[in-house]
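All residue numbers for the sequence shown refer to full-length UniProt numbering, where the first residue is 1 and numbers rise by one.
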Amino acid sequence: MISRITINTPVLFQDALPDSVDVVIIGGGVIGIFSALYLARRGKKVIVCEKGRIAGEQSSRNWGWIRQHGRDEAEVPIATQALSLWHEINEETNGACGVKTTGVQYLASTESEMQKLEEWLDIAHKYDIPTRRLTGDEVFTSFGGQSTNKWVGGTLTENDAKGEPWQAVPSVAKFAHEKGVLIRENCAVRALDIEAGVLKAVVTEAGTIKTEQAILAAGAWSSLFARAHDINIPQLCVKSSVLQTQEMPDFHAPNSTDEKLALRRRDDGGFTLAVSDGHDFYLGPDAFRHFASYLEVMKDSFADTSFHLAAPRDFPDAWGIARSWPKEGPSPFEACRVLEPEPNRKFLKLMQERWSERFPKLEKVQIKEAWAGMIDAMPDVVPIVDRVPHLQGLIVATGMSGHGFGIGPGMGMAIAKMICGEAVDHDMSRFRFNRFSDGSRLIMGPAL
């Protein structure tokens, strides 16, 4: 039986630290693991250092959607490639990732919401994405007649997919390990060893590894780590709450969301549910430091945000967390091996209520399990994936803004090619490091 990843999950990877490698990857989430796999396939000696458990944080706490649908235009070609790569790795792991083509549909309750959804159709057609408009009757049919809700219509991308987050990235990690990737769990990276602006080594709690290249893919922790090296990343985190239902009738296949509720059919027979109009935000020093950068996104998300005066102790932007520390440690990353925020009970109740409103013919939702994850976000809701201009040898890949699970293999492939000096298949300028400081106009990406 597949279980959720927590601090109590057994450690699976304890490779000895080598004296040197070609690339050190900081963080064992979806971006780090896929980057490692594709680097190993290019002959690079790679080690992934994970402070806690592989995929222990947002990479296993997400909705499990693998989508092109509704993405920022710059992400679309990468998401399309990622979709193909997810199917490829699922075959290579004998289906262990749980990847299945289901489609993704966004639903509209009003004509004005429908108009917003239709705006993305031009992007879909430009990139030959099989997305189409749904009528209200088609939406009704997609739910097998189980819903009495009156959606006016929606949009559907037919070849989008789902995966099972509790098992997907760990399965890819096992596969990558078999292909030669070194992985060390319970091994926090404390610092970078830098000489004259050039990376020379990575300092971990278990020892120092000489390397000329590293990838910072630490999710919610990336900004804290970067700032300790005078690297400014305007990243903040929001908490997303999710629940798993009991086993339900198999009446609906596509991953679906309207303005209030998101759902995905699970391989265990239940559904993964989340509210699509609510998240939590903890105020901390970074929130004030980056306040001006987030004014634009706050216009759209303020009403959906539950604010809290302080984060729990040991969270990335907690008021009392250390912002600097000696290389010999300890570091904040050892104090919080797995970031396990409590789900918002108000949102869990809303999920139950909204399910019953939409599907009154079905039994009420019983919460089999509930959890939350911290989503690393950027002011324009698209990530940074780029070399740090003033630090030779470091690539930052963070701020996936809740989109990382689905796009992970595509970003991992792009990063591997960047490291190896190959031409990247996509225009990566949208994800450049300097876009928040070079005077560029901020272009907002889609929030969902």
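Even glycine gets a Cβ: it sits at the ideal position worked out from N, Cα and C.
Item, Value
"Inter-residue spacing [alpha-carbon to alpha-carbon] between residue 370 and residue 153", "30 Å"
"Per-residue DSSP class, three states only, for residue 374", "strand"
"Residue range of the unbroken beta strand (DSSP E) whose run includes residue 193", "189-195"
"Distance CB(residue 231)-CB(residue 384) smaller than 8 Å", "no"
"Cβ-Cβ distance between residue 213 and residue 408 below 8 Å", "no"
"Burial state of residue 389 (16 or more Cβ within 10 Å)", "exposed"
"DSSP-derived helix/strand/coil call for residue 271", "strand"
"Rounded C-alpha distance that separates residue 260 from residue 81", "29 Å"
"Endpoints, alpha helix (DSSP H) assigned at residue 139", "136-142"
"Terminal residues of the beta strand (DSSP E) in which residue 227 lies", "Where residue 227 is concerned, there is no enclosing beta strand (DSSP E), although the alpha helix (DSSP H) it sits in stretches over 222-227."
"Rounded straight-line distance, which links the Cα of residue 190 to that of residue 327", "6 Å"
"Where the beta strand (DSSP E) containing residue 306 begins and where it ends", "305-308"
"Buried or exposed (CB count within 10 angstroms, at least 16 for buried), residue 162", "buried"
"Whether residue 263 touches residue 271 by CB criterion (8 Å)", "yes"
"Beta strand (DSSP E) runs wholly inside the region 386-437, at least 3 long, in chain order", "394-398"
"For residue 338 and residue 352, believed in contact at Cβ under 8 Å, the rounded distance", "Not a contact, Cβ separation roughly 27 Å."
"Completely contained beta strand (DSSP E) runs for the region 302-342, where each covers 3 or more residues", "305-308"
"Cβ-Cβ distance between residue 108 and residue 121 below 8 Å", "no"
"Sequence-distant residues of its chain with Cβ nearer than 7 Å to residue 416 (five each side left out)", "35, 38, 39, 42"
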